[in-house]
Amino acid sequence: MVGMIVRRTALCVIAFGTATVSSGQTVVGRDSAPGKYNRLRDISVRPGTPIAPARPDVFGTAALGAGVTFYDARFRRVSQADRDHPLVLAMAAKLEGLTPEQKLAAVQSMVLKQVRWSHDLENMRVADFWSNAAETLERGTGDSEDIAIVEMQVLKAAGFDPRDLYISIGRHRRAGSHVVLLARTPSGFMALDDQVGQPTPASSVAQFTPVMTIGYGKSWIHGRRITGMTARAGAR
320 MVGMIVRRTA LCVIAFGTAT VSSGQTVVGR DSAPGKYNRL RDISVRPGTP
370 IAPARPDVFG TAALGAGVTF YDARFRRVSQ ADRDHPLVLA MAAKLEGLTP
420 EQKLAAVQSM VLKQVRWSHD LENMRVADFW SNAAETLERG TGDSEDIAIV
470 EMQVLKAAGF DPRDLYISIG RHRRAGSHVV LLARTPSGFM ALDDQVGQPT
520 PASSVAQFTP VMTIGYGKSW IHGRRITGMT ARAGAR
């Protein structure tokens, strides 16, 4: 639990998890793959966002700005890679002429047919790693975040605004730690969850509970709205 007190006059929010927030220092780690990726840079660097992405108040939660987090560097790397890769473009071409909602259904169907679920320990020999979209498509295997990243990059190549696509990290009642893709459409936020197999409105109660969501230049932690009282979320 988050060790903090959230006070509001008419609204309180209890956060589900603790965001790993950086003070703007440079984090250096091992190369994620020999010769493929640079070491992590200063994770406080973010793309310029004159128009901020919409706040993802999804699945009955309230999203609170999280500042700079560890996941920003991962998101920045995968969101900037492979958008023009032939495998990504080939999938995006099949979405031409579809409505946003139809694009979501089509891309999820295509990706789930091409990518077999597999743990990072099997794919990359590490416990947790976010693969670039083309790397996952070439390998044909990936876990929940790899699948979400492929869907995100294909949708961007098919014309989706990057500000309308988010990676949401949380807990699934059956699968445990889990990642889904959130997409903002004219009809509201939709969730692409590989455990479900088809896009679902992110306004409904689901098996997935978001803890942190990363979007274009911004991150959020999620909590529940409690009206008319002061909420204390302390370590227990």
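Our numbering applies: residue 320 is where the sequence shown begins, and numbers increase by one. Glycine included, C-beta positions come from ideal geometry on N, C-alpha and C.
Pick out whichever of ALA412, GLY542 and VAL498 has its Cα sitting closest to the Cα of TYR390. The count along the sequence shown starts at 1 and reaches residue 390 at position 71. Of the candidates ALA412, GLY542 and VAL498, the one whose C-alpha sits nearest the C-alpha of TYR390 is VAL498.
Straight-line Cα distance separating GLU470 from LEU408: The residue labelled residue 408 in the question sits at position 89 within the sequence shown. The residue labelled residue 470 in the question sits at position 151 within the sequence shown. Approximately 12 Å between the Cα atoms of the pair.
Taking ILE370 as the reference, which of GLY536, HIS541 and GLY384 has the closest Cα? Taking the first residue of the sequence shown as 1, we reach residue 370 at position 51. Out of GLY536, HIS541 and GLY384, GLY536 has the C-alpha closest to the C-alpha of ILE370.
Do ALA452 and ASP401 have their CB atoms nearer than 8 Å? For the purposes of this step, residue 452 is taken as the residue at position 133 of the sequence shown. For the purposes of this step, residue 401 is taken as the residue at position 82 of the sequence shown. Contact flag set, yes.
Nearest candidate by alpha-carbon position, reference ALA424, set VAL530, PRO518 and ASP480: For the purposes of this step, residue 424 is identified with residue 105 of the sequence shown, where counting begins at 1. Checked all of VAL530, PRO518 and ASP480; the closest Cα to ALA424 is PRO518.
Just reading off the alpha helix (DSSP H) that PHE448 is part of, what are its end residues? As a first step, residue 448 is located in the sequence shown; it is residue number 129 there, counting from the start. Neither: PHE448 is in no alpha helix (DSSP H) and is coded neither H nor E.
Taking the C-alpha atoms as reference points, what is the distance between ARG543 and ARG490? What you label residue 543 is simply residue 224 of the sequence shown in a count that begins at 1. What you label residue 490 is simply residue 171 of the sequence shown in a count that begins at 1. One C-alpha to the other measures close to 15 Å.
Going by DSSP in three states, PRO279 sits in which element: helix, strand or coil? With the chain covering 320 to 555 only, the question about residue 279 has no answer from this structure.
Consult DSSP for SER463 and reduce its assignment to one of helix, strand or coil. The sequence position of residue 463 within the sequence shown is 144, counting from 1. If DSSP states are grouped into helix, strand and coil, SER463 belongs with the helices.
In chain order, what residues of the same chain lie with their CB nearer than 6 Å to the CB of SER463, ignoring the 5 residues before and after it? As a first step, residue 463 must be located in the sequence shown, where it is residue number 144. Hits under 6 Å: HIS497, VAL498 and ASP513.
Going by DSSP in three states, LYS537 sits in which element: helix, strand or coil? Walking along the sequence shown from the start, residue 537 turns up at place 218. Correct three-state label for LYS537: strand.
Where GLN472 and LYS432 are concerned, what is the direct C-alpha to C-alpha distance, given to the nearest angstrom? Here residue 472 refers to the residue found at position 153 of the sequence shown. Here residue 432 refers to the residue found at position 113 of the sequence shown. Approximately 17 Å, taken between the alpha carbons.
Do you know how far the Cα of VAL430 is from the Cα of LYS355? What you label residue 355 is simply residue 36 of the sequence shown in a count that begins at 1. What you label residue 430 is simply residue 111 of the sequence shown in a count that begins at 1. Only weak support exists for where LYS355 lies, its pLDDT of 48 falling under 50; the coordinates are left without a value.
Between GLY516, PRO505, MET509 and PHE479, which has its C-alpha nearest SER487's C-alpha? Walking along the sequence shown from the start, residue 487 turns up at place 168. Residue MET509 is the option with its Cα nearest to SER487.
Could you spell out the range, first to last residue, of the beta strand (DSSP E) harbouring VAL499? Position 180 of the sequence shown, counted from the start, is the residue given in the question as residue 499. 495–504 is the span of the beta strand (DSSP E), which, as asked, contains VAL499.
Could you check where the beta strand (DSSP E) with SER487 kicks off and where it finishes? Residue 487 sits at position 168 when you count from the first residue of the sequence shown. Segment 484–491, the beta strand (DSSP E) holding SER487.
Apply the 10 Å Cβ neighbour rule to ARG492 and answer buried if 16 or more other Cβ atoms are within range, or exposed otherwise. Within the sequence shown, numbered from 1, the residue matching residue 492 stands at position 173. Exposed: under 16 other Cβ atoms inside 10 Å.
For a test of your reading of the model: does the CB of GLN399 fall under 7 Å from any non-hydrogen atom of the ligand PLP? Yes or no. Judged by which ligands are present, the structure shown has none, so any question about the ligand PLP falls away.
C-alpha gap between PRO529 and HIS541, whole angstroms: Along the sequence shown, read from residue 1 onward, the residue named residue 529 stands at position 210. Along the sequence shown, read from residue 1 onward, the residue named residue 541 stands at position 222. In a straight line, the C-alpha of PRO529 is about 6 Å away from that of HIS541.
ALA409: first and last residue of the uninterrupted alpha helix (DSSP H) it sits in: Against the sequence shown, residue 409 aligns to sequence position 90. Counting along the chain, the alpha helix (DSSP H) containing ALA409 begins and ends at 405–412.
Using a Cβ-Cβ cutoff of less than 6 Å, which residues in the same chain neighbour GLN526 once the five nearest sequence positions on both sides are dropped? Your numbering for residue 526 matches position 207 in the sequence shown. Answer for GLN526: HIS491 and ARG492, listed in chain order.
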